[in-house]
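Single-structure report; data block below.
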Amino acid sequence: MASAARGARRRTGRRGARVLPAAAAAARAPPVRRRMLTGARRAACLRVVRTRGLPVLAQLRLEEALLRAHDDDWLIINDGVPLACVLGRSGKPEQMLHLPLVRDRQVEVVRRFSGGGTVVVDEGTVMASFVLNAGSVLPGATPCYPQHLMEWSGRLYAAVFRGIQQQAQQGGGGAFALRESDYVLGDRKVGGNAQAIAKRRFVHHTSFLWDYQPERMQLLRHPPRAPKYREGRDHAAFVAALRQVLPAGVSRQAFVDRVEAAAAQQLGGPSARAVPLEEAARVLERPFLCNSSRVPPSAL
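Residues in the sequence shown are numbered consecutively from 11, following the working numbering.
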């Protein structure tokens, strides 16, 4: 699938985003395949994919393939995506979304293979996803449980934000913290997380709000279960755009570079290497269980 796509000419996605051939391959991945791991497990090394404009469904299918049919450690940074609403594995559209708005605006709705809540992603979202072996980040026989993975990710991103604020010699919108399952600056959410665990291998993906359009947040209903620190606030008072709360002069590119540098330092060292999206997408040729899908309009 990906090999055929590699020979195809690049094409332009919605809103002018450049969609690589591998994006089309991932989007066409069959919805269900059997899991099959072949070959002996190799020593892990960090492989980094940086892309832009990859549709979120294509990214999710790539992540799940890397989780179930690959052995190495991966970081995928997708800097801006076409507009979509993304449900967690068990999220109910009627509870999480204002469906009349979704239908009226013809917004794509995707169900991902991981847990967590519902998010709106678009060109202002920076998607950062780790697909890792538990032994790469958890000491010894520490169980691969969500709370342990959240604590690890909180330490990694604390270093990212601390470095940004120190370099700018100012604190920006408040100190970084992990609050329940969210990343916050002060008391405002700037990143949401979800996870999927397969024995001693896992995906931890984050959607960072570099910027957002308030009218698009209207697509989301107030969730039935909200974090306690939200304290009933509406979206406008609850979330914050990194562009507005990071120290002045910190660019989107600088933020993304910091995420990659922190990951490489902790996970890869000299062995970390950049990988083109087309090379990563070769994993889609292997059999794997795929649980991410587009929610049909008839179900909304």
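The beta carbon of each residue, even a glycine, is placed where N, CA and C say it ideally should be.
For clarity, every value in this text was computed on a predicted model and none was experimentally measured.
To the nearest angstrom, how far is it from the Cα of residue i to the Cα of residue j?
i: Met46; j: Arg296; result: With a pLDDT of 38 at Met46, under the threshold of 50, the modelled position of that residue is not reliable, and the figure given next carries that caveat. One C-alpha to the other measures close to 8 angstroms.
i: Ile87; j: Glu225; result: 25 angstroms
i: Glu270; j: Thr61; result: 12 angstroms
i: Asp132; j: Cys55; result: 30 angstroms
i: Val147; j: Phe140; result: 11 angstroms
i: Pro40; j: Arg121; result: For Pro40, the predicted structure reports a pLDDT of 47, less than 50, and the residue's modelled location is therefore unreliable. A value from the coordinates is still provided. Each residue's alpha carbon lies about 15 angstroms from the other.
i: Ala291; j: Leu72; result: 7 angstroms
i: Phe123; j: Met137; result: 16 angstroms
i: Ser302; j: Val66; result: 10 angstroms
i: Gly259; j: Gln275; result: 24 angstroms
i: Ala68; j: Val305; result: 14 angstroms
i: Leu76; j: Lys209; result: 14 angstroms
i: Pro307; j: Arg113; result: 8 angstroms
i: His214; j: Leu166; result: 12 angstroms
The beta strand (DSSP E) with residue i in it runs from where to where?
i: Gln205; result: Arg198 to Ala208
i: Arg211; result: Arg211 to Leu219
i: Arg60; result: Leu56 to Thr61
i: Val119; result: Glu118 to Arg121
If you reduce the DSSP assignment to three classes, tell me which class residue i lands in.
i: Glu225; result: helix
i: Tyr193; result: strand
i: Val131; result: strand
i: Leu230; result: strand
i: Val305; result: coil
i: Asp82; result: coil
i: Val170; result: helix
i: Ala39; result: Confidence in Ala39 is poor, its pLDDT being 49 and thus under 50, which makes the residue's placement unreliable; the coordinate value appears in the next sentence. In the structure shown, Ala39 sits in coil (DSSP, three-state: anything other than H, G, I, E or B).
i: Ala138; result: strand
i: Arg283; result: strand
i: Ala258; result: coil
i: Leu188; result: strand
i: Val96; result: strand
i: Val249; result: strand
Cutting at 8 angstroms between CB atoms, please list the residues of its own chain near residue i, excluding the five before and the five after it.
i: Arg115; result: Leu229
i: Gln105; result: Arg231, Pro233 and Pro234
i: Asp83; result: Ala54, Cys55, Leu56, Arg57, Phe140, Val141, Leu142, Asn143, Ser146, Leu277 and Gly278
i: Arg43; result: Low per-residue confidence applies at Arg43: pLDDT is 41, beneath 50, and the placement is therefore not dependable, though the value from the model is reported in the following sentence. Pro297, Phe298, Leu299 and Cys300, listed in sequence order.
Under DSSP, the alpha helix (DSSP H) around residue i begins and ends at which residues?
i: Ala271; result: Arg262 to Ala273
i: Val112; result: Leu109 to Arg115
i: Val293; result: Where Val293 is concerned, there is no enclosing alpha helix (DSSP H), given that its DSSP letter is neither H nor E.
i: Gln370; result: As displayed, the chain neither begins before 11 nor continues past 310, which places residue 370 out of reach and without an answer.
i: Ala236; result: Unbroken run through Ala236: none, as it is neither H nor E.
Who are the Cβ neighbours of residue i in its own chain at under 6 angstroms, not counting the five residues just before and after it?
i: Pro156; result: Gln205
i: Ala50; result: Confidence is the limiting factor: at Ala50 the pLDDT is only 37, short of 50, which leaves the residue's position unreliable and the question unanswerable from this model.
i: Val170; result: Arg268, Val269 and Ala272
i: Arg52; result: With a pLDDT of 43 at Arg52, under the threshold of 50, the modelled position of this residue cannot be trusted; read the value that follows with caution. Contacts found: Asp81.
i: Ala168; result: Phe186
i: Leu85; result: Val58, Phe140 and Ala273
Return the chain-ordered list of same chain residues with a C-beta closer than 7 angstroms to the C-beta of residue i, the five sequence neighbours on each side being excluded.
i: Ser285; result: Note that residue 285 is Val in the sequence shown here, rather than Ser. Contacts found: Arg57, Val58 and Val59.
i: Leu109; result: Pro103 and Leu310
Within 8 angstroms: the Cβ of residue i and any heavy atom of the ligand PLP?
i: Arg283; result: This structure lacks the ligand PLP, and indeed carries no ligand of any kind.
Check whether the segment 185-205 touches the segment 214-224, counting contact only when three or more Cβ pairs, one atom from each stretch, lie closer than 8 angstroms.
yes
Given 8 angstroms as the limit, is there contact between the segment 124-142 and the segment 91-99, that is, 3 or more CB pairs closer than that?
Yes: at least three Cβ pairs fall under 8 angstroms.
Determine contact between the segment 156-166 and the segment 185-194, defined as no fewer than three beta-carbon pairs at a distance below 8 angstroms.
yes
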